[in-house]
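The UniProt record's numbering puts the first residue of the sequence shown at 1, with every later residue one more than the last. We put the beta carbon where it would ideally sit given N, CA and C, even for glycine. These numbers come from a predicted model, not from an experiment.
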Amino acid sequence: MTMLLVLLLSALGAAAAPLEERFNQPNAPVDLILTPISERPNSADPAVRAAYVRDEMITNRIRFSRALDQDGHALLKRDLEFLDESLRRRRRQVGPQDSSDVPVSSNDNPGGQAKGGSSNSAAQEGDITLVNYNRDQGYATPVNVGTPPQNFLVVADTGSQDFVLFDESCVGCDGHPVFVDERSSTFQPTSTPMYEAYGTGEASGIWALDRVEMGGYYVNDQPIALVQKGTVAQYMNSRLSGIMGLGVPSVSLQGPNGPAMKAPPPFWITTAKNVWQDKQFGVFLDRTNTDPSKYLLSNSLTETREPNGGILTLGGVNTQLFSGDIHYMTANTTYWWQLPLEGFSANGKKFNAKLAPTVIDTGSTAIMMPDAAVRAFHAQIPGALEPNNDGTWVIPCNTTATASFFFGGKEYPIQTADMLRGAISSEPRYCLSNIGPGPWLLGAAFMKNYYTAFRVSPEAQIGFAALAPNVVNNGQTGSIGGGPVQNNNSGGGSAIKSAAASVTVSGAVFAIGLVASLLV
């Protein structure tokens, strides 16, 4: 889940004094083990499960609406007509923030490296272990917030830049670990309202400031979008507490109803400017869903957890995870991390993408393209069907079709399994396709196949490298990723919102007809 209609996409360029004299510099990048997660609602109702699949596509169409072509905007307009009227009315009422009201760190030296380096077990200094819930639906990173620290798992998202956190007062966050601001001596509330609109929910609250630590790096007065009310949590795994934006700090952006807005700098940018010797971070996403035909989408009543789901490396790259050189390419960072896509191939047939700016996004599961490209892609896959003419495709689970993407004169194939989401019935004849209509975007379905580096200096670049032979990319990162992350609610002082009633999923009107009936 990431920020959609109301995007605060331009960072304040407040310079911070160097910290070399006050903090020891890391001798190596910091690795964090990632947690793969599932954001699909756990429901026995096939209409609810089917609704989530459609909502996920709508989410990305809203979130990256600037990147849609004319057909994409037409499809988005049609999709939005299905949304709850109250949510759409709320969105129309949302105006731009006054840039002068956005909180900024008052500390001249806001960032540094905490004593002892990373707060979790890791393969090397600088690595963060990501955790995997329910087969590669997304990836979460541990963060510590406040003094004393309260620890949480939040979505690691290169498609957004804000740090969004569920507050103890949140109405609609039942069952999730939440931040208790009264327990933090460094918490600073502001009067600036916060509103985030999502394709599958919304969140409102206030901006606040507090100490945030991730992978041993910290920012003393990090702006936090503190969620006090909303429906967004209902669409997230119950172990999650928010979103850590790893996106680019855009220079400027027109608001939906007015002039340009300004937003606080992302956590990673503050630490990169002040502490990182190597101004980049690297991402390895592990693969748990190795055989989608054996993963029945209707079996979503129990949340699973894979503690070693990948590695996020801050302040450099982890050379143990890739072989050969990283192929760096100049990135378009006006709004998001984007690369010019030369083309793609489906089952051997190549299509020209005409250097389309393509988002590289850890916060998305799927691969997205304009509707015409999606249709051209599936036309090359024997047996592919679009049951309801709504952009949701199914592919025979036993397909041997291939897919590749072309950047910088190089071909990047993906595993056939990554084209599929999971079986839609107990007889694994058809699987949901991981390729859907929207902006040009490559999510985890692509990124699981390569090591990815995001570099901010000396120029903005994204690089891909082949995974190292010793990296078994099938849910077994423990051999190279160190120990698992500790429970995100142990010892950190965070609280669990009690669930007084079962979660009501808004937007269940998005049932997908034939697909919904097959999900029983």
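Supposed contact pair residue j and residue i - C-beta distance, whole angstroms, cut 8 Å
i: L34; j: I462; result: Contact doesn't hold; Cβ gap of about 18 Å is too wide.
i: M214; j: V155; result: Between V155 and M214 the Cβ distance is about 13 Å, and since that is not below 8 Å, they are no contact.
Sub-8 Å separation of residue i and residue j beta-carbons
i: A460; j: T333; result: yes
i: A444; j: T392; result: no
i: D157; j: T362; result: yes
i: C431; j: L442; result: no
i: S160; j: G245; result: yes
i: D286; j: G316; result: no
i: L153; j: L240; result: yes
i: A453; j: D325; result: no
i: F179; j: V145; result: yes
i: R183; j: Q228; result: no
i: G247; j: W337; result: yes
i: G309; j: Y139; result: yes
i: L226; j: F284; result: no
i: T141; j: L32; result: yes
i: P193; j: S323; result: no
Residue i versus residue j: straight-line alpha-carbon distance, rounded
i: V456; j: S433; result: 33 Å
i: residue 521; j: F377; result: The displayed coordinates of the chain run from 1 to 520. Any statement about residue 521 would go beyond what the structure contains.
i: I435; j: C397; result: 14 Å
i: P249; j: L339; result: 16 Å
i: Y235; j: S204; result: 15 Å
i: I269; j: D162; result: 11 Å
i: P439; j: G409; result: 22 Å
i: F344; j: D174; result: 42 Å
i: Q70; j: Y218; result: 42 Å
i: N274; j: F267; result: 11 Å
i: N27; j: L130; result: Residue placement at N27 is poorly supported in this model, since its pLDDT is 49, which falls under 50; the coordinates still yield a value, given next. Distance between the alpha carbons of N27 and L130 is about 22 Å.
i: V394; j: L355; result: 28 Å
i: L341; j: I367; result: 13 Å
i: Q415; j: G216; result: 34 Å
i: P382; j: V374; result: 14 Å
i: N389; j: P189; result: 47 Å
i: P223; j: G172; result: 22 Å
i: Q280; j: R429; result: 43 Å
i: M447; j: F406; result: 14 Å
i: L385; j: N449; result: 26 Å
i: D181; j: Y328; result: 41 Å
i: P265; j: A272; result: 11 Å
i: T147; j: S191; result: 21 Å
i: Y335; j: D221; result: 24 Å
i: P458; j: E202; result: 37 Å
i: N352; j: F187; result: 51 Å
i: residue 558; j: Q380; result: What the structure shows of the chain is the stretch from 1 to 520, and residue 558 is not part of that stretch, so it cannot be assessed.
i: V212; j: P437; result: 36 Å
Selected residue, minimal CA-CA separation from residue i, among the options
i: Y412; options: L467, W337, N144 and D181; result: L467
i: T288; options: Q188, P193, G282 and D418; result: D418
i: G72; options: P29, I414, P370 and V374; result: P370
i: H176; options: S238, M194 and N220; result: S238
i: G230; options: Y195, N220 and V394; result: Y195
i: T330; options: K448, I360 and S323; result: I360
i: N318; options: T147, A74 and V471; result: V471
i: V30; options: N220, S425, D221 and W276; result: W276
i: A74; options: A372, F187 and Y335; result: A372
i: I424; options: A379, P387 and P437; result: P387
Cβ-heavy atom distance, residue i to the ligand GDP, below 7 Å
i: I360; result: Here there are no bound small molecules, and the ligand GDP is not part of this structure.
| field | Any 3 or more C-beta pairs closer than 8 Å across the segment 342-354 and the segment 392-406 | value | yes
| Are three or more beta carbon pairs between the segment 208-227 and the segment 153-167 nearer than 8 Å? | yes
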